[in-house]
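A quick write-up on the structure given underneath.
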Amino acid sequence: EEAFRGLRTNMLFMLGASQKVVLFTSTQPGEGKSFIAGNTAVSLAYMGKKVVIVGLDIRKPGLNKVFNLSHRTEGITNYLADPEHTNLFDMIQHSDVSPNLDILPGGPIPPNPTELMARTVLEDAIEKLKERYDYIILDTAPIAIVTDTAIASRVADMCVYVCRADVTPKLGYQYINVLRDQKKFDKLATVINSIDLSSRKAGYGYGYGHKYGYGYGHKYGYGYGME
738 EEAFRGLRTN MLFMLGASQK VVLFTSTQPG EGKSFIAGNT AVSLAYMGKK
788 VVIVGLDIRK PGLNKVFNLS HRTEGITNYL ADPEHTNLFD MIQHSDVSPN
838 LDILPGGPIP PNPTELMART VLEDAIEKLK ERYDYIILDT APIAIVTDTA
888 IASRVADMCV YVCRADVTPK LGYQYINVLR DQKKFDKLAT VINSIDLSSR
938 KAGYGYGYGH KYGYGYGHKY GYGYGME
């Protein structure tokens, strides 16, 4: 779809030549984070790039619904909990959308998600994936609700913050500025979902850089600006 090609183009423009890891997050559930992350991964795969999307929203996994996956128990949490006895690549599922797209599900919900995210084995997992894939998409938890995503941000080259028109609270947009001012991410972009102002139909807006002030949807409605 044209909307996701536009997002892909802008995202690749922001990424450096050797940068591969893009983290997707939001303020709260229900803003379309997993949907946007999944379709961005599909768009990259359609370019001929090898892509893996990783379910790091390990408290409430959402990729199964997006990709209609079987509810198998193995996933990234198995590897984070016991890397010495777990083969990371055995848990990867191939997508039926594109031969270039794979999915690494979240796995069983752990009792200690924050501690798992803090382990250096997460870096090890990302490095292993970099050897096989051109791009790694991380579908993480809403950053304003739990600390997991802020902890996992250390492995990402870029963050895409997903908002939803009429759903994301005002404080959510303000929090984007907080993340930028605190330099939580080296590169921070914002997608505004359902931004078609003329008919309120599905669309998305995109902003990037310091103090962005535009977005576009299916009918080029303007998005929210930062400050």
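Residue numbers (the numbering used here): 738 to 964. Ideal placement from N, C-alpha and C gives every residue a C-beta, glycine not left out. On a predicted model such as this, the values are computed, not experimentally measured, just so you know.
Quiz prompt | 3 or more residues per run - each beta strand (DSSP E) lying fully within the segment 772 to 831 | solution = Runs found: 788 to 793.
Quiz item: CB residue 739 to CB residue 901, shorter than 7 Å?
Solution: No, they are not a contact pair.
Quiz item: What three-state label does DSSP hand residue 937 in the structure shown?
Solution: Confidence in residue 937 is poor, its pLDDT being 46 and thus under 50, which makes the residue's placement too unreliable to answer from.
Quiz item: For the alpha helix (DSSP H) that contains residue 873, what are its first and last residues?
Solution: Judged by DSSP secondary structure, residue 873 falls outside any alpha helix (DSSP H) and instead within the beta strand (DSSP E) spanning 872 to 877.
Quiz item: Start and end of the beta strand (DSSP E) containing residue 929?
Solution: Where residue 929 is concerned, the enclosing beta strand (DSSP E) stretches over 925 to 930.
Quiz item: For residue 869, is the classification buried or exposed, using 16 other Cβ atoms within 10 angstroms of its Cβ as the cut-off for buried?
Solution: Classification for residue 869: exposed.
Exercise. Report yes or no: do three or more beta-carbon pairs, one from the segment 783 to 795 and one from the segment 842 to 861, lie closer than 8 Å?
Key: The segment 783 to 795, when compared against the segment 842 to 861, does touch it at the 8 Å Cβ threshold.
Quiz item: On the three-state DSSP scale, how would you describe residue 853?
Solution: For residue 853, the three-state secondary structure derived from DSSP is helix.
Quiz item: Measuring CB to CB, does residue 817 end up less than 7 Å from residue 858?
Solution: A contact, by the Cβ cut-off of 7 Å.
Exercise. Specify the secondary structure class of residue 890 as computed by DSSP and reduced to three states.
Key: In the structure shown, residue 890 sits in a helix (DSSP, three-state: H, G or I).
Self-check item: Cross-strand partners of residue 761 (DSSP beta bridge)
Solution: Its beta-bridge partners are 876, 897.
Quiz item: In the structure shown, what three-state DSSP assignment does residue 944 receive?
Solution: Residue confidence is low: residue 944 scores 41 on pLDDT, short of 50, so the model does not pin down where it sits. Its coordinate-derived value is still stated next. Residue state, collapsed to three classes: strand.
Practice problem: Measure the beta-carbon distance from residue 916 to residue 758 and round it to whole angstroms, keeping in mind my assumption that it falls under 8 Å. | Solution: Taking 8 Å as the upper bound for CB-CB distance, residue 916 and residue 758 are not in contact here, some 17 Å apart.
Quiz item: Is residue 760 buried or exposed, if buried means 16 or more other CB atoms sit within 10 Å of its CB?
Solution: By the neighbour-count rule (16 or more Cβ atoms within 10 Å), residue 760 is buried.
Quiz item: At which residues does the alpha helix (DSSP H) containing residue 913 begin and terminate?
Solution: Run containing residue 913: 907 to 918, per the alpha helix (DSSP H) assignment.
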